[in-house]
Amino acid sequence: MKIAVIGASGNAGSRITAELARRGHSVTAIARHPDKIASGPSVTPTKGDVMDQAGLARLLAGHDVAISSVHFLVSDPAKLIGAAKDSKVARYLVVGGAGSLEVPPGVRLVTTPGFPVVYKAEAEKGAAFLDLLRAEKELSWTFLSPSALFVAGERTGKFRLGTDQLLTAADGKSSISFEDFAIALADEIERPAHIRQRFTVGY
Numbered sequence: 002m003k004i005a006v007i008g009a010s011g012n013a014g015s016r017i018t019a020e021l022a023r024r025g026h027s028v029t030a031i032a033r034h035p036d037k038i039a040s041g042p043s044v045t046p047t048k049g050d051v052m053d054q055a056g057l058a059r060l061l062a063g064h065d066v067a068i069s070s071v072h073f074l075v076s077d078p079a080k081l082i083g084a085a086k087d088s089k090v091a092r093y094l095v096v097g098g099a100g101s102l103e104v105p106p107g108v109r110l111v112t113t114p115g116f117p118v119v120y121k122a123e124a125e126k127g128a129a130f131l132d133l134l135r136a137e138k139e140l141s142w143t144f145l146s147p148s149a150l151f152v153a154g155e156r157t158g159k160f161r162l163g164t165d166q167l168l169t170a171a172d173g174k175s176s177i178s179f180e181d182f183a184i185a186l187a188d189e190i191e192r193p194a195h196i197r198q199r200f201t202v203g204y
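Residue 2 is where the sequence shown starts when you use the working numbering, and the numbers rise one by one after that.
So this is what it looks like as structure tokens:
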């Protein structure tokens, strides 16, 4: 497939770009500084601005899938969603956050007393992004939330999927590597199972 990755130079975006390329997809890797992206036979580093809706729509046009992997506080969900719609891309996937996941049912992680203050604003903006998508009538979207700890690690291919509840391991830890998150996202692109839904991945 022809896939555009917005934010391809970031921690998650770079792993997603690499995972898609290794599977044989053609990737347009979009970033403000494309020189930070490792190019390859199936990866085309491309300059783009997440705040320029019209320019972004032009970059996304002609792709089968668009992926948004950008920090919520430095972007505008309305502009990103608008660019995806304007481009007529068939599917739009978002690298979400863990803050909007529920613990327990009906209570979002970001609202719990122990949630780190330093991540609160980012998590609240991510939750607002998800709410906007859920109100969207036209776009074929998918929002993939990582577990609470979203860090560099190994590409194991061994993980669990969930829906709206935070996943935790037997030891109480909630985590996923960027590398395994990328596998889960690529799997969803190749075998769609969560159209117009949020899901989550964790160990």
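By construction, the Cβ of each residue, glycine as well, lies at the ideal position given by its N, Cα and C atoms. Since this is a predicted model, take the numbers as computed values, not measurements.
Who pairs with residue i in a beta bridge, going by DSSP?
i, result
"E103", "R109, Q166"
"K3", "S27"
"F116", "Per DSSP, none; premise fails for F116."
"P46", "A30"
"T201", "S146, G163"
For residue i, which residues in the same chain have their Cβ closer than 6 Å to its Cβ, ignoring the five residues on either side in sequence?
i, result
"V51", "V71, S76"
"S27", "K3, S43"
"D87", "A58"
Hey, residue i and residue j are a contact pair by Cβ (cut 8 Å); roughly how many whole angstroms apart?
i, j, result
"G56", "G49", "7 Å"
"V95", "F130", "7 Å"
"V6", "I82", "About 16 Å separates the two Cβ atoms, so there is no contact after all."
Quick check on the burial criterion: 16 or more other C-beta atoms within 10 angstroms. Buried or exposed for residue i?
i, result
"S175", "buried"
"T143", "buried"
"I196", "exposed"
"G115", "exposed"
Excluding five sequence neighbours on each side, which residues of the same chain lie with their C-beta closer than 8 Å to the C-beta of residue i?
i, result
"E125", "G100, V111"
"G158", "D181, I184"
"F160", "I177, D181, I184, A185, V202, G203, Y204"
"A170", "S176, G203, Y204"
Suppose only complete runs of 3+ residues qualify. What are the beta strand (DSSP E) ranges in the region 126-198, listed by chain order? 142-146, 150-152, 161-163, 176-178
Within the region 62-102, note down every full beta strand (DSSP E) run reaching 3 residues or more, in order along the chain. 66-69, 92-96
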